[in-house]
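Asker: Take this structure, written in structure tokens, and hold onto it; I'll ask about it next.
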């Protein structure tokens, strides 16, 4: 699958972090892509202990690689990066031409505390590629997917990602409408500028996304006016949804952030586009 050539998975070597790496490996195996594992640590280590610490980290990587290739075969390419700064992830994503970043909810690659936000919270604010926040078991299929589309141009880049990680899922689209919406709505763009979008344009955008995703014309598209947090959580609970996707979610205040802090299921956050 050409849209998923490289998947980067970030871990702090915790059980939850490594589960997310295995989810990334499962996706890479399914799509015929390759996996790159990222870990960062900036702990102050005495000079005489650095060699031992580096060997320990390499051992963790080797163990993960062995687990992955035991499950999916030695043909699955698995590489890794060990860095002294978590922000190096941006350079890794660019250099590896990553199509997806996978991480656990509370991954702390270099001891980022909750006061400043987790690695995932920081990344979903400006990550240039879709971020999959994985909580479920690595090989659990996504059978039901809820795609939340904010007003504005729909991100077509989300379509192949959704199809790659949830190939046989039942997909429901919802249009999230900000509070106090007038005839025109300002939507945040990737450049920090604002895009003026009319309700008619919003309808065309979501209809276009539905068509491109190959969804039936009668696909349910409820319009969740106001604060949609409670309604989305209720739908996840009642419909047993396993994956929530935010397309252009940056346009709806900090909607995605509240779900990242307390996710009801796995999340896929796609970059906000102009």
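Residue numbers (our numbering): 1 to 274.
C-beta: ideal position from N, C-alpha, C; glycine also.
With DSSP run on the structure shown, which of helix, strand or coil describes residue 143?
Answerer: coil
Asker: Shortest alpha-carbon distance to residue 169 belongs to which of 142, 47, 78, 160?
Answerer: 142
Asker: One question on the structure: do residue 98 and residue 6 come within less than 7 angstroms of each other, judged by their Cβ atoms?
Answerer: Yes, the pair counts as a contact, with Cβ atoms nearer than the cut-off.
Asker: Which of helix, strand or coil does DSSP assign to residue 79?
Answerer: Residue 79 falls in the strand class under three-state DSSP.
Asker: Looking only at its chain, what residues have a beta carbon closer than 8 angstroms to the beta carbon of residue 261, apart from the 5 residues adjacent to it on each side?
Answerer: 121
Asker: Can you tell which of 125, 83, 74, 231 has its C-alpha closest to the C-alpha of residue 34?
Answerer: 74
Asker: Please determine, among 93, 138, 90, the residue with the shortest C-alpha to C-alpha distance to residue 67.
Answerer: Of the candidates 93, 138, 90, the residue whose Cα lies closest to the Cα of residue 67 is 138.
Asker: Around the C-beta of residue 80, are 16 or more other C-beta atoms found within 10 angstroms, so that it is buried, or is it exposed?
Answerer: With a 10 Å radius around the Cβ and a threshold of 16 neighbouring Cβ atoms, residue 80 comes out buried.
Asker: Where does residue 6 fall in DSSP's three states?
Answerer: strand
Asker: Our contact map puts residue 146 next to residue 241 with C-beta atoms below 8 angstroms; I'd like the distance itself, whole angstroms only.
Answerer: Between residue 241 and residue 146 the Cβ distance is about 5 angstroms, and since that is below 8 angstroms, they are a contact.
Asker: For residue 65, which residues from the same chain have a beta carbon less than 7 angstroms from its beta carbon, with the 5 sequence-adjacent residues on both sides left out?
Answerer: 78
Asker: In the DSSP assignment, what are the bridge partners of residue 162?
Answerer: Beta-bridge pairing links residue 162 to no other residue.
Asker: Less than 8 angstroms between the CB atoms is what I'm expecting for residue 239 and residue 132, so what's the real figure, rounded?
Answerer: The Cβ separation is near 20 angstroms, so there is no contact.
Asker: Check for me: the beta strand (DSSP E) holding residue 244 runs from which residue to which?
Answerer: 243-247
Asker: Could you pull the DSSP bridge partners for residue 38 from this structure?
Answerer: The partner list for residue 38 (beta bridge, DSSP) reads 10, 81.
Asker: Quick one: is residue 24 buried, meaning 16 or more other Cβ sit within 10 Å of its Cβ, or exposed?
Answerer: buried
Asker: Taking residue 9 as the reference, give the member of 70, 104, 135, 45 with the closest Cα.
Answerer: 104
Asker: Would residue 128 be called buried (16 or more neighbouring beta carbons within 10 Å of its own) or exposed?
Answerer: exposed
Asker: So residue 228 packs on residue 176, CB below 8 angstroms; how close in whole Å?
Answerer: 5 angstroms
Asker: By a C-beta neighbour count over all protein chains shown, 10 Å radius and 16 as the cutoff for buried, is residue 56 buried or exposed?
Answerer: So residue 56 ends up on the exposed side.
Asker: From residue 29 to residue 173, what distance separates their C-alpha atoms?
Answerer: 27 angstroms
Asker: With 16 as the cutoff for other CB atoms within 10 Å, does residue 91 come out buried or exposed?
Answerer: exposed
Asker: Report yes if the CB atom of residue 245 is closer than 7 angstroms to the CB atom of residue 162, and no otherwise.
Answerer: yes
Asker: Quick one: grab the DSSP three-state call for residue 69.
Answerer: helix
Asker: Residue 135: which of 271, 258, 22 sits nearest, CA to CA?
Answerer: 22
Asker: Return yes when the Cβ of residue 102 is within less than 7 angstroms of the Cβ of residue 20, no when it is not.
Answerer: yes
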